[in-house]
Amino acid sequence: SQQGEEDPQALSIQEGENATMNCSYKTSINNLQWYRQNSGRGLVHLILIRSNEREKHSGRLRVTLDTSKKSSSLLITASRAADTASYFCATDRDNYGQNFVFGPGTRLSVLP
Amino acid sequence: EAQVTQNPRYLITVTGKKLTVTCSQNMNHEYMSWYRQDPGLGLRQIYYSMNVEVTDKGDVPEGYKVSRKEKRNFPLILESPSPNQTSLYFCASTGEGRNEQFFGPGTRLTVL
Numbered sequence: 007s008q009q010g011e012e013d014p015q016a017l018s019i020q021e022g023e024n025a026t027m028n029c030s031y032k033t034s035i036n037n038l039q040w041y042r043q044n045s046g047r048g049l050v051h052l053i054l055i056r057s058n059e060r061e062k063h064s065g066r067l068r069v070t071l072d073t074s075k076k077s078s079s080l081l082i083t084a085s086r087a088a089d090t091a092s093y094f095c096a097t098d099r100d101n102y103g104q105n106f107v108f109g110p111g112t113r114l115s116v117l118p
Numbered sequence: 010e011a012q013v014t015q016n017p018r019y020l021i022t023v024t025g026k027k028l029t030v031t032c033s034q035n036m037n038h039e040y041m042s043w044y045r046q047d048p049g050l051g052l053r054q055i056y057y058s059m060n061v062e063v064t065d066k067g068d069v070p071e072g073y074k075v076s077r078k079e080k081r082n083f084p085l086i087l088e089s090p091s092p093n094q095t096s097l098y099f100c101a102s103t104g105e106g107r108n109e110q111f112f113g114p115g116t117r118l119t120v121l
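Listed in order, the protein sequences are those of chains R and G.
Numbering-wise (the numbering used here), the first sequence opens with residue 7 and increments by one.
Numbering-wise (the numbering used here), the second sequence opens with residue 10 and increments by one.
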């Protein structure tokens, strides 16, 4: 079964708007990561948040983590057409942090 | 340039014909993984390796083999491919003490 589940499955917004994607997971984690994938290409790491952190920022990205609800959100502020991509959350399931589980992803379209 | 390379990038084959997809990284990373990506299912981990001669099953290991004889290489072997192994495959690596995965460009495999 999927550990991570992103929501919504697809999101379409105008350039300049903010985009929020959510991720839920089922078991305890050491950390949660967000990745971006441009159509059919390799994933690119965006940001990692550890289980003892609640919020993290990186440029226009803001990630929150609520371990009590087993959920995370990724906020992209002032979106650009170049942000059009699929976004995935990934969680680790073992103490070594290498047994990863990815959700099915959110497809973000930013319209010019 | 730090990178993960995969070969071939595209492959069309027939049921039962053994094939190997190579993966190589030049970052001296300890950890390497193989994933398959299917529409609506996100990425699913096939196998991962913590170091040379140390491999472990991910979520979907059936029908696949791996080996880690050298630190930089982590080939994926399909002894007898079947049509349900038609997918987009990604190799990834991670440095020790880190969780950020570096992904290869992907191999699109079609089994007829």
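Just so you know, even glycine gets a beta-carbon here, dropped at the ideal spot from N, CA and C.
So which of the options has the shortest CA-CA distance to residue i?
| i | options | result |
| --- | --- | --- |
| residue 114/G | 91/G, 23/G, 102/G | 102/G |
| residue 121/G | 26/G, 72/G, 16/G | 26/G |
| residue 53/G | 62/G, 41/G, 15/G, 99/G | 99/G |
| residue 53/R | 21/R, 71/R, 76/R | 71/R |
| residue 71/G | 78/G, 61/G, 86/G, 82/G | 86/G |
| residue 60/R | 45/R, 11/R, 36/R | 36/R |
| residue 96/G | 61/G, 81/G, 63/G, 22/G | 22/G |
| residue 11/R | 108/R, 117/R, 113/R, 118/R | 108/R |
| residue 30/G | 109/G, 24/G, 76/G, 107/G | 76/G |
| residue 34/G | 47/G, 10/G, 28/G | 10/G |
| residue 83/R | 94/R, 68/R, 31/R | 68/R |
| residue 24/G | 79/G, 93/G, 14/G, 38/G | 93/G |
| residue 113/R | 81/R, 43/R, 31/R | 43/R |
| residue 23/R | 34/R, 93/R, 38/R, 86/R | 86/R |
Could you tell me how far apart the beta carbons of residue i and residue j are, in whole angstroms, since I believe they sit closer than 8 Å?
| i | j | result |
| --- | --- | --- |
| residue 79/R | residue 27/R | 7 Å |
| residue 58/G | residue 40/G | 7 Å |
Which stretch, first to last residue, makes up the beta strand (DSSP E) that contains residue i?
| i | result |
| --- | --- |
| residue 63/R | 61 to 64 |
| residue 13/G | 13 to 16 |
| residue 73/G | Looking at the DSSP string, residue 73/G is not in any beta strand (DSSP E), and its letter there is neither H nor E. |
| residue 66/G | 63 to 66 |
| residue 99/G | 96 to 103 |
| residue 120/G | 116 to 120 |
| residue 28/G | 28 to 34 |
| residue 19/R | 16 to 20 |
| residue 106/R | 106 to 108 |
| residue 28/R | 25 to 30 |
| residue 54/G | 51 to 60 |
Do residue i and residue j have their C-beta atoms closer together than 9 Å?
| i | j | result |
| --- | --- | --- |
| residue 55/R | residue 115/R | no |
| residue 91/R | residue 106/R | no |
| residue 111/R | residue 117/G | no |
| residue 50/G | residue 90/G | no |
Would a check of beta-carbon distances place residue i closer than 9 Å to chain C?
| i | result |
| --- | --- |
| residue 51/R | Structure shown: chain C not included; protein chains present are R and G. |
Below 8 Å between beta carbons is the criterion; list the residues of the region 39 to 58 of chain G that meet it against any residue of chain R, in chain order.
40, 42, 44, 49, 50, 51, 52, 53, 54, 57
Scan the region 23 to 37 of chain R for residues whose Cβ lies nearer than 7 Å to a Cβ of chain G and list them as they occur along the chain.
Against chain G - using a Cβ distance shorter than 7 Å - the residues of the region 23 to 37 of chain R are 37.
For the region 102 to 117 of chain G, list every residue whose C-beta sits within 7 Å of some C-beta in chain R, in sequence order.
Answer set for the region 102 to 117 of chain G: 103, 108, 109, 110, 112, 113, 114, 115.
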